[in-house]
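*Asks:*
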Amino acid sequence: MSSSIVVGFLALAGGERVRTVKAGSTTAIYHCVYNTTIQTTSGVLFPASLRVYSPYKDVALPDNTVAFVIAKASIPASVPGETILLEAVRAVAVPGDPADDDYESRVPDFPHPVIIGLGLVSTPPRVLSDGSSKAFAVVSSDYVRDSRLETSVW
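Here the sequence shown is numbered in the numbering used here, starting from 39 and rising by one per residue.
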């Protein structure tokens with residue numbers, strides 16, 4: 039068993055409601071899909087797309103809404119060339135109007151999401167530039183966007 043989870047506060051934009059009907063079914067499921075980014079501690083921004091279950095007749099959140107998100111993730115090996123796909127387990131918007139000048143003051147100081155991965159080590163360790171630390175690739179997979187997708191991170 040393996041899994042990749044992203045936990046943190048994400049700024050959302052470009053919300054769009056999407057209707058999905060799974061193969062062999064007549065029942066429609068609705069989601070809101072948002073553009074966002076994953077910010078690293080070194081300041082690098084990786085593009086991401088967040089899909090959130092949306093009840094019938096719900097509306098997308100306004101641009102620049104910040105939400106606390108727990109999501110399953112598919113992080114492609116070619117990131118940032120490809121977009122990280124996130125499937126929300128839970129998403130809670132920070133209250134208030136994102137257009138207000140003081141909106142960001144309501145957001146906790148937690149700018150970098152945490153990525154939790156459980157998977158298999160897929161490469162031998164390599165020694166990093168400090169001469170003593172070692173790094174290795176970890177491969178995991180999770181059910182994201184209606185299929186099992188793989189994540190590979192160093």
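Where is the CB? At the ideal position from N, CA and C, for every residue including glycine.
Let me know the beta strand (DSSP E) ranges lying completely inside the segment 132-192, each 3 residues or longer, listed in chain order.
*Replies:* Listed in chain order, the beta strand (DSSP E) runs fully inside the segment 132-192 are 152-156, 176-182, 185-191, counting runs of at least 3 residues.
*Asks:* Look at the alpha carbon of glycine 62 and the alpha carbon of glycine 81, and state the distance between them as a whole number of angstroms.
*Replies:* 44 Å
*Asks:* In angstroms, rounded to a whole number, what distance separates the CA positions of isoleucine 154 and threonine 161?
*Replies:* 19 Å
*Asks:* Between Val130, Val71, Thr58, Val132, which has its C-alpha nearest alanine 98's C-alpha?
*Replies:* The candidate whose alpha carbon is nearest that of alanine 98 is Val71.
*Asks:* Give the straight-line distance between the Cα atoms of aspartate 140 and histidine 150, rounded to the nearest whole angstrom.
*Replies:* 20 Å
*Asks:* Assuming lysine 110 is part of the beta strand (DSSP E), what are its boundary residues?
*Replies:* 103-112
*Asks:* Tell me, to the nearest whole angstrom, how far the beta carbon of lysine 110 is from that of aspartate 180; I am working on the premise that it is less than 8 Å.
*Replies:* 4 Å
*Asks:* Alpha carbon to alpha carbon, how far is aspartate 135 from serine 170?
*Replies:* 48 Å
*Asks:* In whole angstroms, what separates the C-alpha of alanine 173 from that of valine 165?
*Replies:* 7 Å
*Asks:* List the whole-angstrom C-beta distance separating valine 132 from valine 145, where the pair is believed to meet the contact cut-off of C-beta under 8 Å.
*Replies:* In this structure valine 132 is in contact with valine 145, their Cβ atoms being roughly 5 Å apart against a cut-off of 8 Å.
*Asks:* Quick one: which unbroken beta strand (DSSP E) runs of 3-plus residues sit fully inside the segment 47-77? Chain order, please.
*Replies:* 66-77
*Asks:* Starting from tyrosine 91, trace the beta strand (DSSP E) both ways and give me its first and last residue.
*Replies:* 83-91
*Asks:* Alpha carbons only, please: which of Thr65, Leu83, Val176 is nearest the one belonging to alanine 115?
*Replies:* Val176
*Asks:* Using the rule of at least 16 other Cβ atoms within 10 Å of the residue's Cβ for burial, across every protein chain shown, is leucine 156 buried or exposed?
*Replies:* exposed
*Asks:* Would a C-beta distance cut-off of 7 Å place alanine 51 and valine 104 closer than the cut-off?
*Replies:* no
*Asks:* Pick from Val130, Ser167, Leu158: whose alpha carbon is nearest that of serine 178?
*Replies:* Leu158
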